[in-house]
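Okay, so here's the structure we're looking at.
Chains as they are written, first to last, in the numbering used here: chain A, 18 to 543; chain B, 10 to 316; chain C, 7 to 287.
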């Protein structure tokens, strides 16, 4: 009797155990358990610290934000538009109404639902005075039809909408939190629905994130569909390239974004470190002011494009951590155009001679008694100063005297408002064709954005046309014309596409990165 | 004028100096190109967001009004809000100041604890190998660029020997290398000062008398000679404080310590004037008080000086 | 005892002599740079980039394939120029102000003291940024900026000397005879203050070179392709692990020349310091 009862208890106990453990194994494969146990803290080395974490009040983006916020739509490594908060979408035939179907049950970290209403609020708030209001300038209205159906009604067809709702500036914030914290939103906290929860920010030093244990709505192209493995993620802001290198090699950092070209060979030789080199979304170029002599002559500008030995710069200065640049858009971005320019001093000399420049006794170019002497501006950042130094020497080879002038990063942007620039080294980071509009539309001359000061009514007309094109193909077609024309005008001398170089400790598994971000959701320690 | 009147006068003198500091900082930051609002928002930010932020921070008002409202807030010990981080400067500075004090304080202590015995040894054993070695080390100390020394120490002690972490913050093991780097130059000067002032005292009559009375040599050195020799060394202390905080800028960047020096540099580049004003004021007060201390001690040592 | 003193004197002068030799050597290198440098200092040769020290390039090449040795040789010109001119600027501002403060005292002293406090309290980098903006970036701005932030030390020393000396009997005597203030300053006080100033000048030249290096570290030093040691050291730091010779040799050059100035200053101090002179006697 006694023993029977005990047996019954034992059977009951074992049965309950089985039920429980099967429940647990549904949520937690043994694989996940070991991964979570091994993955306690991840340290990511970043270069620059953001000013605030609110996308409404700054256009600086930062990697931690990608872990805190979801977007309406995500973009995978091949730049395809994929699900995020929205699981699917469709466009009306006239291109004016976009309907997004959202995943149910998505929650912000503060416990409020991330539903169609919340997304609509984000879009409208950004459009009406947010820092990146241009993202949604085509949006007439955002309507939450029900909790999982969002309709965006556009003023005009805007095929590039998916790019705008999926880029780094369009993370979805908790409306409740934004209103609750007011001015302090993005300063003391930031609340999204992503795999990580904001915990602490020591300004200028590091940001700490904690795992969101409820996260089950990751994009389908992530291998991890549950919560992240790492409990804590620390983003450290480290301006010194060599310090980042040393920290990774010593294991004091796990991931380095933006690896310096000088560190690549050391990392490749280190068995504890894995290097990932993918083509990036940045271009370093030399801009020429088309309104000031000597670069007001298109022949002189074209000559500048012929004197640069890009292959040598790519190989010897950047050790292959990128590609030689011949046109104005980065390698992944359409429309790519065949550039007429190669390294050809003969052609450069002919063009310069055509423009009336002849060499004097000292080997310096002269025209009407004036020497070809210019000031080359650059920001005092290593790779740009290096390029300036090489260009200075290459200009000297054809008889041009260039003096380099460095500016600190605080003043550089402002200097272009003066219009005193002659030649200048710049970098841009963007992966859409509309960057050409941004830098060449004449309406942005006064603000110092259109730094070459090109003022061309045909271009301005094409820019307006392009943004109103009904399909992406048409838009690309217009931008192809623009791109070809700009290459001929040669107000930019494209030089180098820095690659996206990242490195991480070899004991990390699940490395999954796009142009913008290393997804920590998938990452675990082996 | 008594020494007390002199101190009072100097403290009163601080006010115009500090006022001048704020005026100069304010003018420089408005004179050099660079727009903190544009830098905080980014180049692509909308005009609307830009205008709103300028208005919020009062930057759309005439410069003199901006300056006076800054002064007005200063009387309530309110340094305003950082343009870039949009946080109260006093709050931002608090933790970082502590961090910098920890670094400079330990560098100071380290340099005195190593340098005074070294200088004494050199003086006592003067013209021996010990003297040459320690003075050679001291002169090398003032001759090395500090950021280079920092990187060299990291390569040796962190990368080769794994004794200390490379960079970061938290706990004593993170403090050793930066404190040594910062203290090295200071230690060199203190050691040389100790040696020369001790040498000066050693040959004076009362020391010779003490020696003649049969007191033990080291007792004479530590009890009699050092006490007198210490005064100029302590004078140097006052001057070192400002120097150390200035030197901390580079050390904090190399060793990634979140202190006021690193904050100051980034704030200058971002034209974040509330932060720059705040840090500069704190530096100014520290340096001036340090100098005052040096002055007072100088008067104590040299009775010929009166004010 | 006698031998001991002799030895001591000798050692004092050895310091100064070694320091002097180092400095003279570097001045010679600077003067004869075009003759000594094996390669042109600014000629890029990208295919030779980052060559370790070898027969062709004794100290290796930098990231542009320029010879480090040649750049250090030509860099001696830049660094010594900075040391001389910046120190002259600092002395030119500091000595007269310190003299006025020390001699007249009173409100003049207060003002100069205030200026000293102001300068010392002011962040070097901010002052440098302002001067670079007004005068443009480049070596001349660096020299002036360093001079302007470094004058206060000279003012303090001059003032201290004058304060102590003006009560000396011979100064009082001169005053009693009716000598003018200018004459007292020029004939009596200044010559007697020169020793510590000279010492400070020698030590200061070393300091100035180090300040240029830290300005370069913050991106405010000489503009490329000018081969300044400070700029070489700070540009090379990205290659600290991959190509340590980029920083090692300019670092050593700075150290050596600053060492030279310091040894000389030390030797001078020992030789000139009246407080130490009784040891010699």
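The C-beta atom is built at its ideal place from N, Cα and C for all residues, glycine as well.
| Asked | Found |
| --- | --- |
| Any C-beta of chain B under 8 Å from that of residue 466/A | yes |
| Residues within the region 289–300 of chain B neighbouring chain C, beta-carbon criterion of under 7 Å | 289, 292, 293, 296, 297 and 300 |
| Any non-hydrogen atom of the ligand MN closer than 7 Å to residue 442/A Cβ | The ligand MN is not part of this structure, which contains no ligands at all. |
| Cut-off 6 Å between Cβ atoms - residues of its own chain near residue 191/A, not counting five sequence neighbours on either side | 125, 127, 129 and 208 |
| Amino acids of chain C, ordered along the chain, whose beta-carbon sits closer than 7 Å to that of residue 279/A | 244, 245 and 248 |
| Element boundaries [alpha helix (DSSP H), containing residue 490/A] | 489–506 |
| Nearest candidate by alpha-carbon position, reference residue 150/C, set 161/C, 135/C and 114/C | 135/C |
| Any 3 or more C-beta pairs closer than 8 Å across the region 284–300 of chain B and the region 115–134 of chain C | yes |
| Buried versus exposed call for residue 21/C [16 or more other C-beta atoms within 10 Å across all chains shown] | buried |
| Backbone secondary structure at residue 179/C - three-state DSSP | helix |
| Proximity test, Cβ basis, 8 Å: residue 30/B and chain C | yes |
| Bridge partners - residue 146/C, DSSP secondary structure assignment | BP columns for residue 146/C are empty, so no partner. |
| Proximity winner among 442/A, 255/A, 105/A and 347/A, relative to residue 297/A (alpha-carbon distances) | 347/A |
| Amino acids of chain B, ordered along the chain, whose beta-carbon sits closer than 8 Å to that of residue 520/A | Result: empty, since nearest Cβ-Cβ is about 16 Å, beyond 8 Å. |
| Residues near residue 529/A by beta carbon distance below 6 Å, same chain, minus five either side | 536 and 539 |
| Assigned exposure category for residue 120/A - 16 Cβ within 10 Å defines buried | buried |
| CB of residue 205/C within 8 Å of CB of residue 266/C, strictly | no |
| Proximity of residue 448/A and residue 350/A at Cβ, strictly below 8 Å | yes |
| Which listed residue (223/C, 81/C and 40/C) has its alpha carbon closest to that of residue 157/B | 223/C |
| Residues from the region 212–236 of chain C in contact with chain A, defined by Cβ distance under 8 Å | 225, 226, 229, 230 and 231 |
| Same chain, Cβ closer than 8 Å to residue 26/B, five either side skipped, listed in chain order | 293 and 297 |
| C-beta neighbour in chain E for residue 123/C, strict 8 Å | Absent from the structure: chain E. Protein chains present are A, B and C. |
| Nearest-angstrom Cα separation, counted from residue 120/C out to residue 24/B | 10 Å |
| Whether residue 129/B touches residue 203/B by CB criterion (8 Å) | yes |
| Buried versus exposed, by CB contacts within 10 Å (16 or more), residue 268/C | buried |
| Residue 291/C burial status per 10 Å Cβ neighbour count (16 or more: buried) | Residue 291/C lies beyond the residue range present for chain C, which begins at 7 and ends at 287; the question has no answer from this structure. |
| At least three beta-carbon pairs within less than 8 Å, the region 239–258 of chain C to the region 54–69 of chain C | yes |
| Test item: CB-CB of residue 100/A and residue 211/A under 8 Å | no |
| Three-state secondary structure assigned by DSSP to residue 302/A | strand |
| Cβ neighbour criterion (16 or more within 10 Å) applied to residue 145/B | exposed |
| Where residue 425/A meets chain C, residues with beta-carbon distance less than 8 Å | 135, 225 and 226 |
| Segments assigned alpha helix (DSSP H), at least 4 residues, entirely inside the region 54–135 of chain B | 56–65, 72–84 and 98–133 |
| Coil, strand or helix - residue 223/A by DSSP | strand |
| Rounded separation between residue 47/C and residue 272/B - CA only | 37 Å |
| C-beta neighbour in chain B for residue 347/A, strict 8 Å | no |
| Reduced DSSP secondary structure (H/G/I, E/B, other) of residue 171/A | strand |
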